[in-house]
Amino acid sequence: MRRTRHDAGGRHGLGETDRDDVPWGRPAVDGIPIPPFAEAAAHRTYLRSLQTFVLLLDAGDPSAATIALAAALEAEVPRAATEAPRLSSLALGVSMSIFFPAPWTPEALALALDGSGYGTPIRSRGGWSWGGDPDYTATRGRPGWRIERQERGSRTYATLPDDGDLVLLWMDMFRGRFPYPIAHTPAGSVPPPEALAAAARATLAAHSVNVVMPYLQTWRSERDRARDGGPGDTGPLR
Numbered sequence: 106m107r108r109t110r111h112d113a114g115g116r117h118g119l120g121e122t123d124r125d126d127v128p129w130g131r132p133a134v135d136g137i138p139i140p141p142f143a144e145a146a147a148h149r150t151y152l153r154s155l156q157t158f159v160l161l162l163d164a165g166d167p168s169a170a171t172i173a174l175a176a177a178l179e180a181e182v183p184r185a186a187t188e189a190p191r192l193s194s195l196a197l198g199v200s201m202s203i204f205f206p207a208p209w210t211p212e213a214l215a216l217a218l219d220g221s222g223y224g225t226p227i228r229s230r231g232g233w234s235w236g237g238d239p240d241y242t243a244t245r246g247r248p249g250w251r252i253e254r255q256e257r258g259s260r261t262y263a264t265l266p267d268d269g270d271l272v273l274l275w276m277d278m279f280r281g282r283f284p285y286p287i288a289h290t291p292a293g294s295v296p297p298p299e300a301l302a303a304a305a306r307a308t309l310a311a312h313s314v315n316v317v318m319p320y321l322q323t324w325r326s327e328r329d330r331a332r333d334g335g336p337g338d339t340g341p342l343r
């Protein structure tokens, strides 16, 4: 059995916990409900907060793609009090892809991931297990979580300081990193980028007219104030 020199602790013991493209340690935002939702109003609050976060991540006009994503999430907003308490696969996937800062617990995220694919986290003795070649376990440490990665007889270890970083680790491991066409072999049945480029230019030209509308100007001002730490006063209509 091989052990790394980081066996005693520290986030840098594993490649999965040593990534700089994960916002380790970032605080969660209180007041955002997490699933399973007790009522439709809580579900709506989650999705509205997710839409707002999506728009905050776009420092531009915002782009047509960002608005399209926010519109797709709009279709997920429950309209009736009796609608299901779970997030849709779209809303969950977006949440993980952008490390949405709802106050997720490991229990809540594991439940949301249940049934969404192979190797999602399950309860195990003393903590959690997930994956499959490699296999991972998380056991309670003092403080935080001790992460073990086992692959073909080799074991490596790292320590995460709290529940929040375990949630971020799972978000990173289960998010969709490479949606089509990124890192995909081109599908013969799908038009290549060159065939779609002229239509894309036309959409961008039309969008450049839309972005001067007052409601988007108002949003950009509100967004920039929020990103710069200024007061977040808004009018009755963005």
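For the sequence shown, this note's numbering begins at 106 and goes up steadily by one.
Beta carbons are placed, not taken as given, at the ideal position from N, Cα and C, and that holds for glycine.
- Assign residue 240 to one of three DSSP states: helix, strand, or coil. Looking at residue 240 - three-state DSSP - the assignment turns out to be strand.
- Minimum C-alpha distance to residue 316 - residue among 172, 126, 181 and 186: In terms of Cα proximity to residue 316, the closest of 172, 126, 181 and 186 is 172.
- Query: Just reading off the beta strand (DSSP E) that residue 265 is part of, what are its end residues?
  - Reply: Counting along the chain, the beta strand (DSSP E) containing residue 265 begins and ends at 259-265.
- Is residue 183 near residue 149, with beta carbons less than 9 Å apart? In this structure, residue 149 lies closer than 9 Å to residue 183 by Cβ.
- Do residue 248 and residue 130 come within 9 Å of each other at the CB atom, strictly closer than that value? The Cβ atoms of residue 130 and residue 248 lie no closer than 9 Å to each other.
- How about residue 272 and residue 210: do their beta carbons lie closer than 9 Å? Closer than 9 Å, so yes.
- DSSP-derived helix/strand/coil call for residue 112: Interpretation of residue 112 is limited by its pLDDT of 40, a score under 50 that renders its predicted location unreliable; the figure taken from the coordinates is listed afterwards. Looking at residue 112 - three-state DSSP - the assignment turns out to be coil, as it is neither helix nor strand.
- Task: Compute the Euclidean distance between the alpha carbons of residue 165 and residue 135, then round it to the nearest angstrom.
- Result: One C-alpha to the other measures close to 27 Å.
- Query: If we ignore side chains and look at the alpha-carbon of each, how far apart do residue 162 and residue 324 end up?
  - Reply: For residue 162 and residue 324, the distance between alpha carbons rounds to 13 Å.
- Item | Alpha-carbon spacing of residue 154 relative to residue 301, whole angstroms | Taking the straight line joining both Cα atoms gives about 33 Å.
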